[in-house]
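Trainee: Numbering (our numbering), first residue to last: 11 to 87. After the structure tokens below, expect a handful of questions from me.
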Amino acid sequence: MNLNVKAAALSFGVFWSIMTMISAWCGLNEIVAFLQPYYLGIDTSFVGGLIGGFWGFIDGAIGGFLVAWLYNKFNNA
11 MNLNVKAAAL SFGVFWSIMT MISAWCGLNE IVAFLQPYYL GIDTSFVGGL
61 IGGFWGFIDG AIGGFLVAWL YNKFNNA
């Protein structure tokens, strides 16, 4: 059984985007401080959460793509 790479990328991206926005909007300063060097513009504000959500979607989609792609490669080996 193979994973759908597009579906995995989209679902990982949406999940990580939501988690990043919630972290920023709830004021979880340790998480936001950890992500600031990687996600330009993330902050504990509404706009900073949206910016972090954008970067989180990109990051999660790439991660989901890689996970599904690698799973399919190893599964067919």
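The beta-carbon is built from N, C-alpha and C at its ideal position, and this holds for glycine as well.
Using a Cβ-Cβ cutoff of less than 6 Å, which residues in the same chain neighbour Ala78 once the five nearest sequence positions on both sides are dropped?
Mentor: For Ala78, where only same-chain residues beyond five positions count, the Cβ hits under 6 Å are Leu13, Val15, Ala18.
Trainee: Using CA atoms only, rank isn't needed, just tell me which of Trp65, Phe67, Ile68, Gly58 is closest to Leu38.
Mentor: When only C-alpha atoms are compared, the closest one is Gly58.
Trainee: Is the separation between the beta-carbon of Phe67 and that of Ser27 shorter than 8 Å?
Mentor: Yes. Within cutoff.
Trainee: In terms of residue numbering, what span does the alpha helix (DSSP H) encompassing Asn85 cover?
Mentor: Unbroken alpha helix (DSSP H) run through Asn85: 56-85.
Trainee: Sorted by chain position, which residues of the same chain lie with C-beta nearer than 8 Å to Leu20's C-beta, five sequence neighbours on each side aside?
Mentor: Taken in chain order, the residues that qualify are Ala71, Gly74.
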